[in-house]
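Protein chains: 2
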Amino acid sequence: LKVDSSKILKGDRRELARAISLVENEPDLGSEIIRQIFSKTGRAYVIGITGPPGTGKSTLVNRLIPYFKSKEKQVGVVAIDPSSPISGGALLGDRVRMLEHSLDPSVFIRSMASRGDLGGLSRATKDVVRLMDAAGMDIILVETVGIGQAEIEIMNVADVVVVVIMPELGDEVQAMKSGITEVADVFVVNKADLGNADKILLNLERFRYTRNGWKQAVVKTVAKTGQGVQDLFKVLEDYENTFKSKRALREREESGAEKEILQYLEILIRKKIELKIRDNQRLSSLASDVADRRIDPRSAAETIIREVLGWN
Amino acid sequence: LKVDSSKILKGDRRELARAISLVENEPDLGSEIIRQIFSKTGRAYVIGITGPPGTGKSTLVNRLIPYFKSKEKQVGVVAIDPSSPISGGALLGDRVRMLEHSLDPSVFIRSMASRGDLGGLSRATKDVVRLMDAAGMDIILVETVGIGQAEIEIMNVADVVVVVIMPELGDEVQAMKSGITEVADVFVVNKADLGNADKILLNLERFRYTRNGWKQAVVKTVAKTGQGVQDLFKVLEDYENTFKSKRALREREESGAEKEILQYLEILIRKKIELKIRDNQRLSSLASDVADRRIDPRSAAETIIREVLGWN
Chain V
8 LKVDSSKILK GDRRELARAI SLVENEPDLG SEIIRQIFSK TGRAYVIGIT GPPGTGKSTL
68 VNRLIPYFKS KEKQVGVVAI DPSSPISGGA LLGDRVRMLE HSLDPSVFIR SMASRGDLGG
128 LSRATKDVVR LMDAAGMDII LVETVGIGQA EIEIMNVADV VVVVIMPELG DEVQAMKSGI
188 TEVADVFVVN KADLGNADKI LLNLERFRYT RNGWKQAVVK TVAKTGQGVQ DLFKVLEDYE
248 NTFKSKRALR EREESGAEKE ILQYLEILIR KKIELKIRDN QRLSSLASDV ADRRIDPRSA
308 AETIIREVLG WN
Chain H
8 LKVDSSKILK GDRRELARAI SLVENEPDLG SEIIRQIFSK TGRAYVIGIT GPPGTGKSTL
68 VNRLIPYFKS KEKQVGVVAI DPSSPISGGA LLGDRVRMLE HSLDPSVFIR SMASRGDLGG
128 LSRATKDVVR LMDAAGMDII LVETVGIGQA EIEIMNVADV VVVVIMPELG DEVQAMKSGI
188 TEVADVFVVN KADLGNADKI LLNLERFRYT RNGWKQAVVK TVAKTGQGVQ DLFKVLEDYE
248 NTFKSKRALR EREESGAEKE ILQYLEILIR KKIELKIRDN QRLSSLASDV ADRRIDPRSA
308 AETIIREVLG WN
């Protein structure tokens, strides 16, 4: 699979799709493409949409798209499919509805399978966002199911994090909030026509806090009918105007970059060590020495570090 | 905490207990003790006892001890407590029963908490076994709940692996067996007074296979009454006579040593890299370059590998 990065930069959708497949399935070849397009990234406004399963994230994304289009924006959507078979079915319907936009040349939708390897997914997601960015998407919506670590990971990908919850989640929300408060720039209470929406809103408003000059926003929506979606759109525009090219986003970006460099360091170093050791009989001779009790395992490892890797 | 390794080698129980605590809680200091006693290890016969929760492993261990004592053997027991609160309670009763041996100077019992970090536990278990070995234990029984990876890990610790199952586990056994067949040297069907023990025995006998000249043994016990425990004891003696100081065990030991060296390599290298990078401003300056799109994250990691670690 050969991908021409200059075609991606010209916005060629087919080439973009092929590059995304490469990033997902062939990390080494994918990295080469990323290297080629990287200097052209950083233009898009990346919106992360997360929250528990069933809160209507896909429907919300679906309803947001027309607002961005009305501003002549090119929209990219990265939908991260949870591998869970339970929530998978429910989401599928919304994903199919998203397809109504998929024939639209100003909207590019791609879903990715999460295979449980969160680190790997997060890395690939970042690169998919970069490809869409380089291909000219102005807005990139990254939709992911927020359970545990995932909602933290989205901070490393998105400029703004929207956490979607709904009434009748009850105490779950309270439990969740402790982890989510830290990542949410915007709270959406979706399905606000159900149950105790106002109580939840009140609670969120009471406890929201200000970070880097931005006070967490709280928006009430009924994505199914479209109610409140325009308010969310306005909040997102507002956030972009407040923050784009500002110091706070810069810091988020630098700390994300640091994490990503460290992740690559670990992957690359492990590879190099495997290579160096494979070409070398020292490991098996030392294992034999350990079996003979001539050297203990930790000292054997230290020997390899000294002799094979040349470190002191 | 200062530990005198010469006292361990003389069989001092208090010093042994302190060294075990060190290995569990202070890996770096623990490694130093292991280094000092390592050449005196490899004498003990290490028996791994694994299997699903509730199959009566602790009771079985409890019943086996007198047989070893009758042969004038010093017995060590390492009981790995599962952190699961569900099975934890049930096991506790059996553990208390094990205490009846704990005042006995020829029996040394130690339980270890599994904290979910299987790699770390397996490493510590190996070292605890070594300490007991160096302190003069002839027989070391390692009891661990076999779920998923744990039963594979025990192969790296034990000379012989005993898998304990029971009737009425039904299909679970079939599912389990696929993973367990590879590690079991001896199958015990405990609680054989219940249900369909004979059917299970028949199944096990039909599918057992021969490895390195040893045909998987199948033993039927009722640990609660002691029934069949002598048969298990004889099988274990038989295994020891067949294998101790034989080629097959040597291979198992060498491959275990190789894995352990590689584990230490990874730990030590990660530490060294963290140290080297902490003393160096290169990471943050590169993160800043990534944020400016002057370099992509993978190339930044490659730069660190080249510049800071001196690798090509």
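Same order as they appear, the protein sequences are chains V and H.
All the letters of the first sequence, read from the start, carry residue numbers 8 to 319 under this note's numbering.
All the letters of the second sequence, read from the start, carry residue numbers 8 to 319 under this note's numbering.
Every residue, glycine too, gets a C-beta built ideally from N, C-alpha and C.
- Close to chain H, meaning a Cβ-Cβ distance shorter than 9 Å, are the following residues of the segment 290-306 of chain V: L290, S291, L293, A294, S295, D296, V297, A298, D299, R300, R301, I302, D303, P304, R305, S306.
- Taking C-beta separations shorter than 6 Å and ignoring five residues to either side along the sequence, the partners of H/L211 in its chain run F194, V225, following chain order.
- A Cβ-Cβ separation of about 25 Å leaves V/K47 out of contact with V/I56 under the 8 Å criterion.
- Under the DSSP assignment, V/I56 falls outside any alpha helix (DSSP H), being part of the beta strand (DSSP E) whose first and last residues are 52-57.
- In this structure H/K222 touches H/R215 by the C-beta definition: roughly 6 Å separates them, less than 8 Å.
- One thing to note: V/S118 has its Cβ no nearer than 8 Å to the Cβ of V/Q81.
- Nearest neighbour of H/R301 by Cα position, chosen from V/R42, V/A24, V/M139, V/A120, turns out to be V/R42.
- From the beta-carbon of H/S38, the residues of chain V found nearer than 7 Å are R305.
- Between V/T48 and chain H, the shortest Cβ-Cβ separation is below 8 Å.
- Close CB contacts of H/M139 within its chain, under the 6 Å cut and outside five residues either way in sequence, are with G83, I147 (chain order).
- Looking from the CA of V/R70, the closest CA among V/V229, V/P304, V/R313 belongs to V/V229.
- In terms of beta-carbon proximity, V/R285 stays away from the interface with chain H, with every pair separated by 8 Å or more.
- Using a Cβ-Cβ cut-off of 8 Å, V/W318 counts as an interface residue toward chain H, since at least one Cβ of chain H sits closer than that to its own.
- Contact check between the segment 309-319 of chain H and the segment 274-291 of chain H: three or more CB pairs, one atom from each, fall below 8 Å, which counts as touching.
- At least one CB atom of chain H sits nearer than 8 Å to the CB of V/Y271.
- Interface criterion not met: the Cβ of H/L29 is under 8 Å from no Cβ in chain V.
- By the neighbour-count criterion, in which 16 or more other beta carbons inside 10 Å mark a residue as buried, V/E33 falls on the exposed side.
- Secondary structure remark: continuous beta strand (DSSP E) runs of at least 3 residues inside the segment 185-230 of chain V, in chain order: 193-196, 224-227.
- V/Y246 has its alpha-carbon roughly 10 Å from the corresponding atom of V/V168.
- Counting only Cβ-Cβ distances below 7 Å, H/F45 has contacts in chain V at R300, D303, in chain order.
- Per DSSP, reduced to three states, the secondary structure at V/E79 is coil, with no helix or strand assignment.
- Between V/S12 and V/I54, the C-beta gap is not smaller than 8 Å, which leaves the two residues out of contact.
- For H/I302, no beta strand (DSSP E) run applies, since DSSP gives it neither H nor E.
- If the five residues before and after V/P304 are omitted, its C-beta is found closer than 7 Å to the C-beta atoms of V297, all from its own chain and listed in chain order.
- Below the 9 Å Cβ cutoff, chain V contributes A294, V297, A298 as neighbours of H/E260, in chain order.
- Among the CB atoms of chain H, one or more fall inside 8 Å of the CB of V/I41.
- Our two residues, H/P174 and H/P59, have alpha carbons roughly 12 Å apart in a direct line.
- Secondary structure at H/M173: coil, using DSSP grouped into helix, strand and coil.
- V/D166 sits away from V/V30, with the two beta carbons spaced by 8 Å or more.
- For H/K279, the neighbours in chain V by C-beta distance under 7 Å run, in chain order, W318.
- For V/I161, there is no enclosing beta strand (DSSP E), as DSSP marks it with neither H nor E.
- H/K231 and H/N203 have their C-alpha atoms spaced approximately 18 Å apart.
- Per DSSP, the unbroken beta strand (DSSP E) holding V/E150 starts and ends at 146-150.
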